[in-house]
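Chemist:
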Amino acid sequence: MSQTPLSFPRRIALACGSFLSILTDPGFAARIVGLRDGHGHAPQPAPVAPVEPAAPAAPVAPAAPAVLQRAPHEAAQQLLGLLQRDARLIDFVQEDIAAYSDADIGAAARVVHEGCRKVLNEHFRIEPVRKESEGSRVTLAEGFDAAAVRLTGNVVGSAPFTGSLSHRGWRVTESRLPSLADGHDTSIIAQAEVEL
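Numbering follows numbering that gives the first Met the number 0, with no gaps: position 64 of the sequence shown is 63.
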């Protein structure tokens, strides 16, 4: 059964809500990695060869499927509103930039970058997942946090894994989104302006 494609604003809200959930919920992040890699579920450990039981085993009930929680859309919409207010992000992304020169786009991107950085610094504390410098050699012991570290390249065998750190990753350690007044419509991420 085919699904109706989501509208662009709905996809933006979903992306921002998912973004926040990925940063704050390691289990959710692992399930997203599984979906993105085409597994349809979170990555599972490598299967182990079955051992013949000495006596007939009692039937084991299948594990309950993971319950997906809906991300709060209000927080995603609020974040979009902050990015629009301070960085004009929605204006920039919605603009057809094909007619502009690279220099014009670069100048606009500088303003968007500064505003986005301001929002992140003001409302989040973000730290690297790994402290090592990118390019350094790291060893991941058995039982490493697969929600925080993604293996790429030729992944065979089991931990420990030794490889080169290509990206340190990011982790939100604190979120400080403003409180919302009762009745505030978070779907309005930027008011229309009427000049009199």
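For every residue, glycine included, the Cβ atom is placed at its ideal position computed from N, Cα and C.
Please classify Leu78 as buried or exposed, where buried requires at least 16 neighbouring CB atoms within 10 angstroms.
Modeler: Classification for Leu78: buried.
Chemist: By Cβ distance, which residues of its chain are closer than 7 Å to Arg149, with the 5 residues on each side in sequence left out?
Modeler: Result list for Arg149: Val32, in chain order.
Chemist: I'd like to confirm the pairing. Which residues does DSSP put opposite Thr161 in its beta bridges?
Modeler: Thr138, per the DSSP bridge assignment.
Chemist: Can you look up Val148 in the DSSP assignment and give me helix, strand or coil?
Modeler: Note: Val148 maps to coil in three-state DSSP.
Chemist: Identify every run of the beta strand (DSSP E) within the region 52 to 128, keeping only runs that are complete inside it and at least 3 residues long; order them along the chain.
Modeler: Taking only runs of at least 3 residues, the beta strand (DSSP E) segments lying wholly in the region 52 to 128 are 123 to 127.
Chemist: By the DSSP assignment, the beta strand (DSSP E) with Val154 in it spans what residues?
Modeler: Neither: Val154 is in no beta strand (DSSP E) and is coded neither H nor E.
Chemist: Can you tell me which of the three DSSP states Arg170 falls into?
Modeler: It is a strand residue.
Chemist: Quick one: Cα of Ala102 to Cα of Trp169, how far?
Modeler: Whole-angstrom Cα-Cα distance: 30 Å.
Chemist: For Val128, which residues of its own chain have a beta-carbon under 8 Å away from its beta-carbon, when the five flanking residues on both sides are left out?
Modeler: Correct list, in chain order: Ala147, Val148, Arg167, Gly168, Trp169, Arg170.
Chemist: Go through its chain and collect everything with a Cβ distance to Arg136's Cβ below 8 Å, but skip five positions before and after it.
Modeler: Once the five neighbours on either side are set aside, the close Cβ partners of Arg136 are Thr161, Gly162, Ser163, Leu164.
Chemist: For Glu133 and chain B, any beta-carbon pair shorter than 8 Å?
Modeler: Annotation note: the requested chain B is absent from the structure, which comprises a single protein chain.
Chemist: Between Ala29 and Ala158, which are expected to be in contact by the criterion C-beta below 8 Å, what is the C-beta distance as a whole number of angstroms?
Modeler: Wrong, their Cβ atoms sit about 16 Å apart, outside the cutoff.
Chemist: Is the beta carbon of Phe123 sitting closer than 8 Å to the one on Ser174?
Modeler: Going by C-beta atoms, Phe123 is nearer than 8 Å to Ser174.
Chemist: Label Gly26 either buried or exposed according to how many other C-beta atoms from any shown protein chain fall within 10 Å of its C-beta, with 16 as the threshold for buried.
Modeler: Flag for Gly26 reads exposed.
Chemist: What separation, rounded to the nearest whole angstrom, lies between the Cα atoms of Cys115 and Glu126?
Modeler: Their Cα atoms are separated by approximately 16 Å.
Chemist: Quick one: what does DSSP say Ser186 is sitting in, helix, strand or coil?
Modeler: Of the three classes helix, strand and coil, the one that applies to Ser186 here is coil, per DSSP.
Chemist: Return the Cβ separation of Arg87 and Val110 in integer angstroms, given the expectation that the two are a contact with Cβ distance under 8 Å.
Modeler: 7 Å between Cβ atoms; contact.
Chemist: Does Arg175 come out as helix, strand or coil in the three-state DSSP assignment?
Modeler: Coil, per DSSP.
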